[in-house]
Structures are given as C-alpha cells and as structure tokens.
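Protein chains: 2
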Amino acid sequence: MGHLNPSIMDIKIGSRTWPPQASEDYIAKCLKRDRESTSVPLGFRISGFQIYRTKETGFWKPDRQFFLSFSADDVRLALRKFVSSNGSAGSDPDCAFASVVYGGSTGILAQLLELKAWFEDQTIFHFYSCSVLMTFEKELALEGRSSGAEIKLVDFAHVVEGGGVIDHNFLGGLCSLIKFISEILTTPDECYPPKACLQASEKSHFCSDDGINK
Amino acid sequence: MGHLNPSIMDIKIGSRTWPPQASEDYIAKCLKRDRESTSVPLGFRISGFQIYRTKETGFWKPDRQFFLSFSADDVRLALRKFVSSNGSAGSDPDCAFASVVYGGSTGILAQLLELKAWFEDQTIFHFYSCSVLMTFEKELALEGRSSGAEIKLVDFAHVVEGGGVIDHNFLGGLCSLIKFISEILTTPDECYPPKACLQASEKSHFCSDDGINK
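Chains as they are written, first to last, in my numbering: chain A, 1178 to 1391; chain V, 1178 to 1391.
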C-alpha cells in the first residue's frame, strides 16, 4: 500500500546553498537568502510542507511566502506540528506521533543518523541547496500501523565534486536538524508560545493545493 | 616536565568566520578571506605552525603570508609534515610520528572526536574564528616516551550565544579536519607531490622566531 495522504516536509540542508565555484551574482543571491532565512543561524531551513489533518479538512499546505520569515522557534514549532494529531489547530502541538515518526529503530531520527554517518565519510559529492524530504502517513499511524516514516534526499541541481573533502556544509546542517528532532523526542511535552505567523497562516492557507513550495 | 620544544599547529575551524550579527563590513572582510583560503572549501584553514626539527636547526615557522595561498593538497601535506621526522626536508614526509601523535586512545584524533561529541550536543556557545591548537613534543616521541599530543581550543574573541542551536559551522569544519587526520592514519605512506609553495617557503623561513602567526 503506497502513501495515500502523506505528510511531507522539505528541509533544505546547509548554511550555505552556493557552491564555491558559482558566479558572483548567484553567490550574492544565495547568500542574501541564506542570511535572511534560518539557513545561516540553524544550518537548514524549512522550505515547504504539507501536513495531513483529516479526510474532511485535507492538508495544511502553506505557500512559499509563509516560510521566508521563519525564526528558530517557528522551525521548532513546525517540526512539532508535523507529528501532532492537533497540528492544524491553534492549540499547542501534542506531538502524538513523535515517537512513531521521529523515534524508533526505523524512524526518521535513525534514518538521519545513518545519513550523517555517510556524510562523515564520503568525499565524492558536495550537495548544495539539496533537501531532505521527511514523509509519513498519519492515517496509518492512527490505525496503529507503521507510519511509513521515511527520508529522501532530493534536488540535485547543485551537486558538485567533493575532491576528497567531506561535505562539511551539509553535515553541519544535518547535525543541527538531528539535534532539533532529538529534542522533540526527549521533551515532547515542552510548549512553545504559539507564533503569530504560524497561527495566522493556518487560516489563510487552509487546504491549498499548490504542492510543496520550494 | 613541560613542553620544551613543542611543535604547534593553529587551525581555524569553520567555513564561516563571521557571526550572523556582525556588521556588513566585518562580514564582507571575513567572507573574502574565507573564500580565498581553504575555509570555504575545507571547513577550516591552517593559520600558522611551528614544526620542531632538531636542536641545531630549531623550528620551521613560516610567517602568515605563507598560509594564505594554501590549497587542499598543501593542507594535506602540512598535516603530514607536522608528524614527520623529515618534516623539514624536501623529501616526502615519512609520517614517522603519525601513530603516536594523531593515533592511539589519547592521541589527537581521539581528542578531536571527544570535542566533536561535545559540539554535537552543546547549544550554548557558537565559536567563530576560533582555533584548535595541536601540539606535541618531537623530542619526547623520539625518546619513545609519550609525545604529549594535545589539542586546545583558543581565540575566543568571537564567541556568541548559541540560542539553543548547535554550532553547525564549527562542527562541520571539525568533522572535515577529523577526516583529514583519519586519512593520514589509514594511509601514512601515501605520497603527495611536493608543493612548490611548501618547498620554497621552508628555505626562506628557516628558523624564524616571530611566533605562530595568526
């Protein structure tokens, strides 16, 4: 059985989205975006998500604009909402699916740690502006079945040769994401003040259908 | 017994030496230097070293200018020369002290891995433009005693609050350095073509006494 109503989050990894060999114009454009987003402070940025709510209300799928002003706390909150049964409501996220989606021996954290081990060693490729997609099926999780939690590496438009050096830029950002997800698993009940931007957007972007924005 | 004739290498960690909060002028200055050095490609740069040779010939201690044009291969070669008995000669470095300085349960690699584990977890401080100093005593190593290999974190002029986020910039660069040192331990006999810049400088900087340049 495939993914029917996948919740998906697109996370662009790395504090620097430009390859050293890029043109000055391209570097200036990327650097501006990296500094204005959470890429520079956090080492990654959420560039899109769709979170499945219910059969009646469908997906919460904000457009691209929504993510541009994300702060570190917005990122924390979004990563919690992603695995909450009440992710769509104005209330604090309950992180009901954190342990089945992020946790466990086959969950997203375990998969991210496997990816990390690969990046600590491989020196063939450097991935700029590349994303980790996190997906799972809320309906399966609700039925008590495997949530199908999975990560995928996507967007290979700016992959360059590693030249015998590890991709320290991707690895650093990946470690930062791992830390954020670990913290949700160790303190699932921790509350963050609901952010105005996240709350407001949920109303205006209810069930949009323009795909995950990048 | 203290360090009498320590060989020392100063390695500035992180592909980005500027804090996000810095002024535009400071960022532009640092970014230029980061891009022109190995900081951006490798995630770290060697900013100085003194390598002890013999009682007669003293230290090899190039001035600051020497390190500005370092390539990835220059860095590889310097990390090998640092632990070679013939580090000062024009010949290929023999890496005679690699296993006692870099290797072992208390060697530099083990200490770097301990530092890495700390950086994977701590979210209190971000270290910009901070260096790892690697030191050891060649004379002790020659006598078959403990080489006193040690790392130290120095240069805290640009330490800022971490705000609950790991220092992915430092961590990425540290992992890259760890990979370089691991490779020396696994392939100590590998030869790199002597680099013109390293060879020429040894002559001109013979036994200079202006301290490790930063």
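For glycine and all other residues, C-beta sits at the position ideal for the given N, C-alpha and C.
Fair warning: this is a prediction, and the values are worked out from it, not measured in the lab.
By the 10 Å Cβ neighbour count, where 16 or more other Cβ atoms means buried, how is residue i classified, buried or exposed?
i: A/T1234; result: exposed
i: V/W1295; result: exposed
i: V/V1331; result: exposed
i: A/T1364; result: exposed
i: V/G1350; result: buried
i: A/L1319; result: exposed
i: V/M1178; result: Low confidence applies here, because V/M1178 scores a pLDDT of 46, under 50, leaving its location unreliable; read the following figure in that light. Classification for V/M1178: exposed.
i: V/E1291; result: exposed
i: A/T1194; result: buried
i: V/G1284; result: buried
The alpha helix (DSSP H) that contains residue i, what's its start and end?
i: V/P1183; result: No alpha helix (DSSP H) holds V/P1183; the beta strand (DSSP E) holding it covers 1183-1190.
i: A/S1353; result: 1345-1363
i: V/I1204; result: 1201-1213
i: V/F1244; result: 1242-1245
i: V/V1309; result: Note, V/V1309: premise wrong, no alpha helix (DSSP H); beta strand (DSSP E) at 1308-1314.
Is there a Cβ of chain A sitting closer than 7 Å to that of residue i, yes or no?
i: V/K1356; result: yes
i: V/H1345; result: yes
i: V/V1342; result: yes
i: V/P1218; result: yes
i: V/G1339; result: no
i: V/E1314; result: no
i: V/G1325; result: no
i: V/C1207; result: no
i: V/C1307; result: no
i: V/C1272; result: no
i: V/S1353; result: yes
Under 8 Å by Cβ, that's how I've got residue i and residue j pegged, so tell me the actual separation to the nearest angstrom.
i: A/I1190; j: A/V1309; result: 6 Å
i: V/F1244; j: V/S1262; result: About 23 Å; that fails the 8 Å criterion.
i: V/S1353; j: A/H1345; result: 4 Å
i: V/F1259; j: V/S1214; result: Not quite, the Cβ-Cβ distance comes to about 18 Å (not below 8 Å), so this is no contact.
i: V/I1355; j: V/L1289; result: 5 Å
i: A/S1216; j: A/T1312; result: Actually they are not in contact, since the Cβ atoms of A/S1216 and A/T1312 sit about 22 Å apart, beyond 8 Å.
Locate the beta strand (DSSP E) running through residue i, then write down its first and last residues.
i: V/Y1279; result: From DSSP, V/Y1279 is part of no beta strand (DSSP E); its letter is neither H nor E.
i: A/R1230; result: 1221-1231
i: A/W1426; result: Only positions 1178 to 1391 of chain A appear in the structure, and residue 1426 of chain A is not among them; the question remains open.
i: V/E1338; result: 1335-1338
i: A/E1327; result: 1327-1331
i: A/F1302; result: 1302-1305
Give the single residue among the options whose Cα lies nearest to the Cα of residue i.
i: A/F1357; options: A/A1326, A/G1280, A/S1323, A/G1341; result: A/G1280
i: V/E1174; options: V/S1224, V/R1230, V/L1351; result: With chain V represented from 1178 up to 1391, any question about residue 1174 of chain V goes unanswered, as that position is not in the structure.
i: A/F1302; options: A/G1339, A/L1348, A/P1365; result: A/G1339
i: A/R1212; options: V/D1211, V/E1213, V/P1197; result: V/P1197
i: A/E1367; options: A/G1284, A/V1278, A/L1254; result: A/L1254
i: V/S1224; options: V/V1217, V/D1240, V/K1209; result: V/D1240
i: A/E1316; options: A/L1289, A/I1228, A/L1362; result: A/I1228
Between residue i and chain V, is any beta-carbon pair separated by less than 7 Å?
i: A/P1197; result: yes
i: A/V1252; result: no
i: A/E1297; result: yes
i: A/S1184; result: no
i: A/L1348; result: yes
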